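Report on the structure given below.
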Amino acid sequence: MAGNVNTIKSQSICTKSITTVVQGKEITAQLSLMEEGIDLLITGGDKSHIGAVEIANPDGELFCVNFPTHKDDVIAGKWCRELWNRYKVQTVVSVGIHYDAATRELIEEILNKTDKMMEELLNG
């Protein structure tokens with residue numbers, strides 16, 4: 084299990100968040116569902132930051148900005164496609180997960196844990 088899903092509702096925005104731990108460091112996903120759009124921020128590890136931003140327009144076309152030396156677009160793209168497929172609204176996903184000296188095994192663990200986070204956040 085990745086973590087508990089916390090939900091906060093206001094007039095027109097529903098905010099959900101979920102946190103998991105990979106190698107003793109938190110990764111958090113904060114999802115805001117609006118009447119006409121979705122905003123998701125995923126950060127964690129040794130240094131939170133923005134490494135990639137994936138955008139789906141109302142027609143489902145994807146656009147990505149991936150900052151140099153970052154690989155966060157893999158997670159951003161997967162979440163953006165899933166959110167757009169589910170809700171069919173413009174979607175913005177920003178991701179910044181950094182671990183110092185990340186190995187291939189650590190990257191696989193991060194990908195697996197963020198997949199589980201997505202499943203729990205969207206189905207929980």
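Residues 84 to 207, numbered by my numbering, are exactly what the sequence shown covers, in order.
Glycine included, each C-beta is placed from N, C-alpha and C at the ideal position.
The structure presented is a predicted model; accordingly, all values stated were derived computationally and were not measured.
Here the alpha carbons of residue 103 and residue 126 stand approximately 11 Å from one another. Beyond the five residues adjoining it in sequence on each side, residue 178 comes within less than 7 Å, by CB distance, of 125, 134, 135, 155, 158, 159 in the same chain, given in chain order.
When rounded, the separation of the alpha-carbon atoms in residue 151 and residue 137 is 15 Å. Annotation for residue 184: no alpha helix (DSSP H) segment contains it, and DSSP assigns it neither H nor E.
DSSP places residue 133 in the coil class of the three-state scheme, outside both helix and strand. Between residue 170 and residue 116, the gap from beta carbon to beta carbon is short of 9 Å. Inter-residue distance for residue 123 and residue 191 is about 21 Å (C-alpha atoms, whole angstroms).
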